[in-house]
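This report refers to the structure that appears directly beneath it.
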Amino acid sequence: MCGIVGYVGSRPALPVLLGGLRRLEYRGYDSAGVAVVNHRLEVLKTAGRVERLARMADPSRLTGELGIGHTRWATHGAVSDRNAHPHVDCTGRLAVVHNGIIDNHAELRRELEARGHRFVSDTDTEVVAHLLEELDQGDLVAALREATRRLRGSWALAVVSARQPGVLAVARQDSPLVIGLGDGQQVVGSDVTAVLDLTRRVLYLRDGEVACLTAEGVTVWDADGRRVERAPTEVPWEANAVELGPYEHFMAKEIFEQPQAVRQALAGRVEPGSGRVDLRETGLDPATFQSFQRYVIVACGTAWHAGLVGRHLLQRATGRPVSVEIASEFRYGDPLVDSSTLTVAISQSGETADTLAAVREARRRGSPVLAIVNVEGSSLAREADWVLYTRAGPEVAVASTKAYLTQVVALHLLAAWAAPRGEDTGLSLLQLPSRIEATLGLDPVVQEVARELAGSEHLFYIGRGLDYAVALEAALKIKEISYIHAEAYAAGELKHGTLALIEPGRWVVALATQRSLSAKTAGNVAEVSARGARVVMVGPGTSPARSELEPLADRYLPLPEAPEPLLPMLAVVPMQLLAYHAARARGCDVDRPRNLAKSVTVE
Ligand code: F6R
0 MCGIVGYVGS
10 RPALPVLLGG
20 LRRLEYRGYD
30 SAGVAVVNHR
40 LEVLKTAGRV
50 ERLARMADPS
60 RLTGELGIGH
70 TRWATHGAVS
80 DRNAHPHVDC
90 TGRLAVVHNG
100 IIDNHAELRR
110 ELEARGHRFV
120 SDTDTEVVAH
130 LLEELDQGDL
140 VAALREATRR
150 LRGSWALAVV
160 SARQPGVLAV
170 ARQDSPLVIG
180 LGDGQQVVGS
190 DVTAVLDLTR
200 RVLYLRDGEV
210 ACLTAEGVTV
220 WDADGRRVER
230 APTEVPWEAN
240 AVELGPYEHF
250 MAKEIFEQPQ
260 AVRQALAGRV
270 EPGSGRVDLR
280 ETGLDPATFQ
290 SFQRYVIVAC
300 GTAWHAGLVG
310 RHLLQRATGR
320 PVSVEIASEF
330 RYGDPLVDSS
340 TLTVAISQSG
350 ETADTLAAVR
360 EARRRGSPVL
370 AIVNVEGSSL
380 AREADWVLYT
390 RAGPEVAVAS
400 TKAYLTQVVA
410 LHLLAAWAAP
420 RGEDTGLSLL
430 QLPSRIEATL
440 GLDPVVQEVA
450 RELAGSEHLF
460 YIGRGLDYAV
470 ALEAALKIKE
480 ISYIHAEAYA
490 AGELKHGTLA
500 LIEPGRWVVA
510 LATQRSLSAK
520 TAGNVAEVSA
530 RGARVVMVGP
540 GTSPARSELE
550 PLADRYLPLP
560 EAPEPLLPML
570 AVVPMQLLAY
580 HAARARGCDV
590 DRPRNLAKSV
600 TVE
C-alpha cells in the first residue's frame with residue numbers, strides 16, 4: 000500500500016526522501032513523487048517506479064532541507080502522473096501526501112469547488128490540500144489539526160508549506176505513521192524501514208494525533224489539542240536487516256533466514272534443559288488463558304493459514320472450541336464473541352485494516368484480544384490486551400515466508416504453554432532451526448521441479464489435517480508471485496468434484512507428512528495418478544513412511560528426520576522455494592508481484 004516519507008533537518012532532503020521511498024517500495028505501489036521546500040515548493044511526481052522518479056529528479060532544482068515523498072497504490076483515480084502524490088493547493092505553496100481513504104471526499108470536493116478551488120486530480124487526497132489552503136493562517140500544524148476535524152475516514156498525512164520552510168506537519172487516523180528522532184533532523188515514514196537509515200529512536204503516532212516536526216524536535220498533540228508526552232522507543236532492527244545482502248530477492252533472503260528467525264522466536268521462551276515454555280512476557284498466565292470458553296482466531300491471507308494450524312494446536316491444548324475467521328468477513332457473521340471468548344489476532348505487520356477491524360469488533364463485544372504480531376509498536380500490538388511477538392525481523396518481500404513460520408512457532412509455544420504435556424513440544428521446537436537448515440538443502444532439487452511445472456497454468460495442492468493448512472499456504476504462495484492458478488484441497492475432498500479437473504499431465508503437489516493420515520493421502524494420490532496427473536510429494540525422509548510414499552510420486556521431496564509435529568513446518572519450506580523458483584522461471588517480479596501490497600491498510 001501507499002508509503003509516506005518526510006524529512007526536516009540540515010541536509011538536502013531529496014536524497015533522504017528517495018532513500019526512504021526505496022525502502023518503502025516493498026509495500027507495493029504504482030506511482031511516486033516528492034515535494035521539497037526551499038523558498039518555494041517544488042514538486043516532482045510520476046506514474047511508475049521510484050527509480051524513474053530518481054532519474055527525473057534534478058537536485059539543482061529540488062533543493063531544500065524539508066520535504067515529503069510518497070509511493071501511491073491507486074484507490075481513487077487511475078494510475079497517472081496527475082493522480083500521483085504529492086498534491087498541491089491552488090497557490091502551489093502547500094503540498095500533501097496521504098495514505099488511507101478520505102470517506103467524505105466527494106462532499107468536501109463539492110464544497111471546495113463551489114468556493115472556487117480548482118482540482119487537477121481524481122484522488123480523494125486533493126481535498127486535504129485545498130482544505131489546508133483555506134485553513135492555513137501561517138500555522139500549518141494548527142491548520143492540519145483543524146482540517147482533520149473535518150475529515151472522515153483514515154489517514155496518515157504529511158504536509159509542507161513554503162510559508163513555513165522549517166515545519167513538517169503530520170497526522171494519523173487508522174493508518175500507520177512513525178516519527179524517527181535524529182540529532183538536528185527528524186524523519187517520518189509509514190513504517191520503520193523508511194526511517195532506519197537515519198535513526199532507530201522512534202515515536203509511533205496514535206490515532207487522532209497531530210505532530211509538528213522541526214530540525215530541533217517534535218511536538219505531538221492529541222485529538223483534543225492537548226500536548227502528548229511520550230518516551231521514544233528503540234527499534235530492535237538494524238538498518239542492514241532490510242538490505243538484500245548476497246541475495247537476488249528479498250523473498251529468497253527471507254526464506255533462507257528462517258532458521259535464524261525461528262531461533263529468535265524461541266529465544267528465552269523454551270528452557271533448554273527441561274523444554275518448559277514460558278510466555279510470561281505476554282502479561283498473560285496459563286490459568287487465565289485456559290479460563291476462556293472459546294477461542295476465535297482472526298487473520299488474513301498467510302496469517303490466516305497460520306491460524307488454521309493454530310486451531311489444531313489450541314483445540315488440542317485447551318479442549319475448547321477454536322474457530323478461525325477470515326478477518327474481513329468476521330463482522331458480517333454476527334460473531335458469537337463475548338467476555339468468555341479469547342480473540343487471537345495474527346498479523347505480520349500489525350497494520351492490516353481488516354484484522355484491526357475484526358479486533359475492534361471483538362473488543363466491542365467484550366472479548367479480550369491476544370495479538371501474535373511481528374512489528375513492535377504496530378496498531379495491533381497497541382490495541383491488544385496481550386502481545387506475543389513473533390520476532391521474525393523485518394519482512395520485506397510481499398510474499399510472506401519467515402513471518403508465517405514464526406507465527407506457527409508462536410502458536411506451538413502458546414499451545415505448549417497453555418497445556419504443558421511433558422516437555423515434548425518445547426524440546427522438539429528447539430530442534431526446529433537445525434531441521435529447517437537441513438530442509439533448505441532441498442533447494443537445488445526444488446529448483447529442478449519448479450522448472451518442470453513452471454509452464455503449467457493450473458496446479459493442485461492436496462493434504463489432510465495440518466498438511467491441508469500447509470497446502471493452502473503453498474497454493475497462495477505460488478499464485479501470488481508466479482501467477483499460476485493454484486487450488487488447495489483437503490485431499491479427501493477431491494473426489495467430491497475437483498477430480499473432474501484432473502487430466503493427463505496436470506501437476507498435483509501432495510503433502511503427506513503425518514503418519515496417521517499418509518495412507519489415506521496416498522489413496523488420493525493414487526486417484527489423481529490413475530487419471531494421468533504428475534505428482535510432486537513432500538513427505539518424511541525416513542522409512543517406512545518414505546518407502547511407502549515415494550513410489551507413488553513422480554518427484555519426491557524428502558524432509559529431514561524430525562519429530563512429526565515439526566514436519567508441517569518443514570514442509571512449507573520447499574513449498575516457498577517452489578513458488579520462488581517457479582516465479583523466477585516465468586520471469587516474474589518476485590518481490591513486487593502485480594496488484595499486491597505488503598501492508599494492506601485499507602479494508
Ligand atoms: C501473502 C501475504 C498476505 C498477508 C496478509 C496479512 O504472502 O503476505 O496474505 O499474510 O495480507 O498481512 P499481515 O500478516 O501483515 O496482517
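Counting in numbering that gives the first Met the number 0, the sequence shown tops out at residue 602, every number present.
Every residue, glycine too, gets a C-beta built ideally from N, C-alpha and C.
Within 9 angstroms, strictly: CB atoms of residue i and residue j
i	j	result
Asn523	Ile461	yes
Val209	Val119	no
Leu431	Met250	no
Ala316	Ala418	yes
Ser515	Leu551	no
Gly309	Ser399	no
Val159	Ala146	no
Ala298	Ala326	yes
Leu428	Leu265	yes
His248	Val445	no
Gly207	Arg171	yes
Ala474	Ala490	no
Val397	Leu595	yes
Leu465	His311	yes
Val269	Gly425	yes
Residue i versus residue j - alpha carbon distance
i	j	result
Val201	Gln347	19 angstroms
Tyr25	Arg593	12 angstroms
Arg390	Leu143	36 angstroms
Asp223	Arg205	13 angstroms
Ser215	Asp182	Residue 215 is actually Glu in this sequence, not Ser. Those two C-alpha atoms are separated by around 8 angstroms.
Gln289	Val336	16 angstroms
Glu280	Ser517	38 angstroms
Gly306	Arg117	49 angstroms
Phe459	Lys519	17 angstroms
Phe329	Ser189	26 angstroms
Ala414	Leu313	5 angstroms
Ser30	Pro320	46 angstroms
Thr213	Leu180	10 angstroms
Glu472	Glu492	17 angstroms
Ile501	Leu412	39 angstroms
Leu357	Val469	Looking at the sequence shown, residue 357 is not Leu but Ala. Near 24 angstroms, if we compare the C-alpha coordinates of Val469 and Ala357.
Leu439	Arg545	19 angstroms
Gln406	Gln163	46 angstroms
Arg54	Arg48	10 angstroms
Gln292	Ala570	32 angstroms
Trp236	Glu375	10 angstroms
Ala449	Val36	50 angstroms
CB-CB length for residue i against residue j, believed under 8 angstroms
i	j	result
Tyr6	Gly99	Not confirmed; about 21 angstroms, so no contact.
Arg434	Pro559	5 angstroms
Ala56	Leu13	6 angstroms
Gly68	Val96	7 angstroms
Met0	Val572	Not confirmed; about 28 angstroms, so no contact.
Burial state of residue i (16 or more Cβ within 10 Å)
i	result
Arg60	exposed
Gly91	exposed
Leu17	buried
Tyr28	buried
Glu125	buried
Arg229	exposed
Asp121	exposed
Asp333	exposed
Asp135	buried
Ser481	buried
Arg583	buried
Leu243	exposed
Same chain, Cβ closer than 7 angstroms to residue i, five either side skipped, listed in chain order
i	result
Ala525	Leu551
Asp442	Leu576
Val386	Thr281, Ala370, Val372, Ala380
Cβ shell of residue i (< 8 angstroms), same chain only, five flanking positions each side left out
i	result
Ala521	Ala511, Glu547, Leu548, Leu551
Val241	Arg22, Thr192, Leu195, Pro393, Val395
Pro503	Arg530, Gly531, Ala532
Residues near residue i in its chain [Cβ-Cβ closer than 6 angstroms; skip 5 each side]
i	result
Asn103	Arg151
Pro258	Pro432, Ile435, Glu436
Tyr555	Met536, Glu549
Arg585	Ala453, Ser481
Leu107	Val126
Leu52	Ala31, Thr45
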